[in-house]
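Novice: First the structure, which I've put down as structure tokens, then a few questions once you've had a look.
There are 2 protein chains.
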Amino acid sequence: MNAIADDIARLLETAARAARAAAGELARAPRPAKDQALHAAAAALRARTAGILAANEADVAGAPDLSAAYRDRLTLTPARIEAMAKGLEEVAGLPDPVGRVLAEWTRPNGLRIRRVAQPIGVIGMIFESRPNVTADAAALCLKSGNAVILRGGSESTRSAAAIHACLAEGLAVAGLPEAAVQIAPTADRAFVGAMLRAAGLIDLIIPRGGKGLVTRVMEEARVPVLAHAEGLCHTYIHAAADFAMARDVLANAKMRRTGICGATETLLIDAAIAPALLPILVADLKALGCDFRADERARAICPELPAASAKDFSTEWLDAMLSVAVVDGVESALAHIRRHGSEHTEAIVTEDAEAAAEFLNGLSSAVGMWNASTQFCDGGEFGFGAEIGIATGRMHARGPVGLEQLCTYRYHVIGTGEIRA
Amino acid sequence: MNAIADDIARLLETAARAARAAAGELARAPRPAKDQALHAAAAALRARTAGILAANEADVAGAPDLSAAYRDRLTLTPARIEAMAKGLEEVAGLPDPVGRVLAEWTRPNGLRIRRVAQPIGVIGMIFESRPNVTADAAALCLKSGNAVILRGGSESTRSAAAIHACLAEGLAVAGLPEAAVQIAPTADRAFVGAMLRAAGLIDLIIPRGGKGLVTRVMEEARVPVLAHAEGLCHTYIHAAADFAMARDVLANAKMRRTGICGATETLLIDAAIAPALLPILVADLKALGCDFRADERARAICPELPAASAKDFSTEWLDAMLSVAVVDGVESALAHIRRHGSEHTEAIVTEDAEAAAEFLNGLSSAVGMWNASTQFCDGGEFGFGAEIGIATGRMHARGPVGLEQLCTYRYHVIGTGEIRA
């Protein structure tokens, strides 16, 4: 047992040291080389589609007891492989985040100080069943000059290996170190634990998956974590809301896609307009197949709604289900969000600019929206081109994590022989 | 034992929940209120100087076995209290970092996206003997809108309490919540452990002290840590260095103050100029009372220098001691720094701009300097006005940590009823 643990720790250390060396080269790699690697990897994905599909079929066949949803996430199709290839090309088209001068100033003594964006270093990506994450995450790490060790779900090992071979081919074509993109050398779950303990070897862990995975990572990690925890998002319909806008925004925020983290889980509606508007909103959403859990004040207006338990307001449904509570203005809405929210995304619908400002300034969430659907919380919608996840912590980056958020910075101080008094 | 541990966990939770509530108010506090609190606290420090000195005398008397250096750090004087008061007033004079618009753009669909600086939330500050850190750290946290729980050395409890009373008075005068600045309610060392495990209650731990403290914090923390680890700084004298500049910069980098993290610990000098320049540099530093540990190539030029062990090049001397190694150009210097450095601050002295660029771009350190003393790595020297430490990690902030680095950000997304397709 200990012998096995030692072997796995050695495997991790070997991989991480190779990644560290590769990260040094990648940090200095010019944009054309990185983009060439991404284009060559996309071409390899297309050329090897049949082989990737065969590997994926073996993965699916090897995991017979999967739920239909899980099987769907695990299954690749020619269209999904083409989407992966297009994704790599899109990342190649994004500006290089490395070397951007973030700030620059000159001190009275003549020293010129420059804050420059640079890659973080070695990233450990831990994800679940979707094999496409192998390509998506690798592309963002490569373009941002970071080396990455990818550890996907054990049921998708063959698919990940087939996809990884295409990325390795891209790196080789561009003359970049293949160790810049690695997949876990073992499917042993203990390798995840070794990654989480690899302080000094891995600079950042990015978990992407269900609550169980993210919670384990946050509890066990000895390495900084850029965690995407829950997305328990609220849409607050203020007393001064435009009814038509409120109907459109709420329907989109809840029902456009119910399984994404930016989907609204709870409706907060002001008591002043609830009697007139809530029945309309309920009818709209019922027509779209949404179910409800309502507090007593909401049920006084719509008695047919099932009663919510206290727990329901702290539940990320990720489904066609909406918690509903009646509140008494902005402060009351903020209090509900502070008690039950996950600091992901909250929206207010109102024509009252003062109320909107009070709401936005009162939030501590990563994203606050005024008169827009919470489902806009997305790297693509923010203009980042692509995202590796949504950060819900307080440090380093919050909200959508794109190429810029995968960088840190350093200072260059340029003098002419200055010495300190 | 467990009962005691539970009591301490409860004490921490009570303090942290009060801090969380205070942080919400502080995040929205206007600049004048924060500045008024700082000025009132400065006045209180001056008015209560006698009481603070008495408390400090009791602390010093209560710790008879201290080393002279430790005793000096622990001891307060009227001048040191005045310096604390001035420090609070200087922070009051700094711009408010909260609410700065860090970036702003409009999406093709009309959504306006704004990235806005906001406080991190609740900070846990763990430090050692210097009682003035109580005032310095509280001022930076308060001005940046963060609540803070301060846990100083157990031997300085009375001094910290007396200083804290002045900060509490300042908060009260300004009508700000006193829970925004708290000191540990117990001197029990277990309280430190409780702080380190307080994920969700404390947002960031900042350790300030010796290697032992910082190492323990980094190993035990379940909360993000902004760590100031070692400052094993290098000054590299390139073959194209100006001799006079090299002599001035090295003497300042090593000997201005030997105990600060930005002090140079290792001299790297190119083989091409070492025979001519190294003896001069050694004579300069010897005259300033510096001792040496030299590699074989350096001792071939200056045989009187003691031989360095491999370990010496990985030692942060914090003393009048310099490790010396002869290298063969920029790549060789970078290789030495990668093997032995701590990613704090490295400097190159050269008249060759290409060599300087190669050096600066090849570093992964938080700060790279060209023709300047490594001792400039300091929040004040960077123009931050004050600093809470120097961050040597890769995430969130690197280098001097001032008011801006004590902030995180959030997004405001402003629409006109947009829904996502």
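Residue numbers (the UniProt record's numbering), protein chains in the order written: chain A, 1 to 421; chain B, 1 to 421. Note that beta-carbon positions come from the ideal geometry of N, C-alpha and C, so glycine has one too.
1) Hey, Asp284(B) and Arg247(B): beta-carbon distance below 9 Å or not?
2) Output needed for Gln405(B): all residues of its chain with C-beta closer than 6 Å, excluding positions within five of it in sequence on either side, in chain order.
3) Say whether chain B places a C-beta atom closer than 9 Å to the C-beta of Arg398(A).
4) Given this structure, state the Cα-to-Cα distance separating Ala240(B) from Val324(B), to the nearest angstrom.
5) Ends of the beta strand (DSSP E) at Ile390(B)?
6) Kindly say whether Asn252(B), judged by its beta-carbon, lies nearer than 9 Å to any beta-carbon of chain A.
7) Just list the residues that DSSP pairs Met321(A) with in beta bridges.
8) So which residues of chain B does Met245(A) contact, with C-beta pairs closer than 9 Å?
9) I'd like the span of the beta strand (DSSP E) that includes residue 425(A), first residue to last.
10) Taking 9 Å as the CB-CB limit, is Met84(A) close to chain B?
11) Counting Cβ pairs, one atom from each stretch, are 3 or more of them under 8 Å apart for the stretch 126-138 of chain B and the stretch 199-211 of chain B?
12) Any heavy atom of the ligand HEM closer than 8 Å to the beta-carbon of Asp242(B)?
13) Below 8 Å on the Cβ atoms is my guess for Leu45(B) versus Ala139(B); work out the distance and round it to an integer in Å.
14) Less than 9 Å between the C-beta atoms of Ala335(A) and Phe359(A), yes or no?
15) Of all the options Arg216(A), Leu278(A), Glu178(A), His238(A), which has the alpha carbon lying nearest to the alpha carbon of His164(A)?
16) Look at the Cβ atom of Thr345(B), then the Cβ atom of Thr374(B), and state whether they are nearer than 9 Å.
17) Nearest-angstrom Cα distance between Gly170(A) and Leu277(B)?
18) Closer than 9 Å, Cβ to Cβ, to anything on chain A: give me those residues from the stretch 380-392 of chain B, in chain order.
19) What does Thr408(A) touch in chain B if you count any residue whose Cβ is under 7 Å from its own?
20) Quick one: list the residues of chain B neighbouring Gln375(A), beta-carbon separation under 9 Å, in chain order.
21) Determine the direct distance from the alpha carbon of Gly231(A) to that of Ser309(A), and round the result to whole angstroms.
22) Since I believe Val349(A) is in contact with Val413(B) (beta carbons under 8 Å), could you give me their beta-carbon distance rounded to a whole number of angstroms?
23) At which residues does the beta strand (DSSP E) containing Thr134(A) begin and terminate?
24) Would Leu201(B) pass as an interface residue toward chain A - the criterion being a Cβ-Cβ separation below 9 Å?
25) Mind the definition here: the stretch 55-63 of chain A touches the stretch 32-47 of chain A only if three or more C-beta pairs lie below 8 Å; say whether that holds.
26) Looking at the C-beta of Arg216(B), does it have a partner C-beta in chain A at a distance below 9 Å?
27) Once you ignore the five residues that flank Gly259(A) on each side, which residues in its own chain have a CB closer than 7 Å to its CB?
28) Have a look at Pro224(A), Val401(A), Ala190(A) and flag the residue whose alpha-carbon is nearest the alpha-carbon of Gly389(A).
29) For Tyr70(A), which residues of its own chain have a beta-carbon under 7 Å away from its beta-carbon, when the five flanking residues on both sides are left out?
30) So which residues on chain B does His412(A) lean against when the C-beta distance must stay under 7 Å?
31) How would you list, in chain order, the residues of chain A whose beta-carbon sits under 7 Å from the beta-carbon of Leu111(B)?
32) Give me the Cα-Cα distance between Ala353(A) and Leu204(A), rounded to the nearest whole angstrom.
33) Going along the chain, which residues of its own chain have a beta-carbon closer than 6 Å to the beta-carbon of Ala272(A), five neighbours each way excluded?
34) Please classify Leu315(B): does DSSP put it in a helix, a strand, or coil?
35) Leu94(B): buried (16+ other C-beta within 10 angstroms of its C-beta) or exposed?
36) What first and last residue would you give for the alpha helix (DSSP H) that runs through Arg297(B)?
Specialist: If we stick to the structure as given:
1) yes
2) Non-local beta-carbon contacts of Gln405(B) in its own chain, meaning distances under 6 Å to residues more than five positions away in sequence, involve Ala397 in chain order.
3) yes
4) Rounded to whole angstroms, Ala240(B) to Val324(B) spans 18 Å at the Cα level.
5) 389-391
6) yes
7) Asp291(A)
8) Thr416, Gly417
9) With chain A covering only 1 through 421, there is no way to say anything about residue 425(A).
10) no
11) They touch, by the three-pair rule.
12) Ligands in the displayed structure: none, and consequently the ligand HEM is not present.
13) At roughly 11 Å, the Cβ-Cβ gap does not stay under 8 Å, so Leu45(B) and Ala139(B) are not in contact.
14) Going by beta carbons, Ala335(A) and Phe359(A) fall outside the 9 Å limit.
15) Glu178(A)
16) yes
17) 48 Å
18) Glu381, Phe382, Gly383
19) Arg394, Met395, Arg398
20) Ile419, Arg420
21) 19 Å
22) Rounded, the Cβ-Cβ distance is 13 Å, inconsistent with contact.
23) No beta strand (DSSP E) holds Thr134(A); the alpha helix (DSSP H) holding it covers 132-143.
24) no
25) Taking a cut-off of 8 Å for Cβ pairs, the stretch 55-63 of chain A and the stretch 32-47 of chain A do not touch, as fewer than three such pairs fall below it.
26) no
27) Leu318
28) Nearest C-alpha to Gly389(A) among Pro224(A), Val401(A), Ala190(A): Val401(A).
29) Non-local C-beta neighbours of Tyr70(A) in its own chain, meaning closer than 7 Å and more than five positions away in sequence, comprise Ser129, ordered along the chain.
30) Leu360, Gly368
31) Contacts between Leu111(B) and chain A, judged by CB atoms closer than 7 Å, involve Ala372, Phe376 in chain order.
32) 40 Å
33) Ala239
34) Sequence inspection shows Thr at residue 315(B); the Leu mentioned does not correspond to that position. In this structure, Thr315(B) counts as coil in the three-state DSSP scheme.
35) buried
36) 296-301
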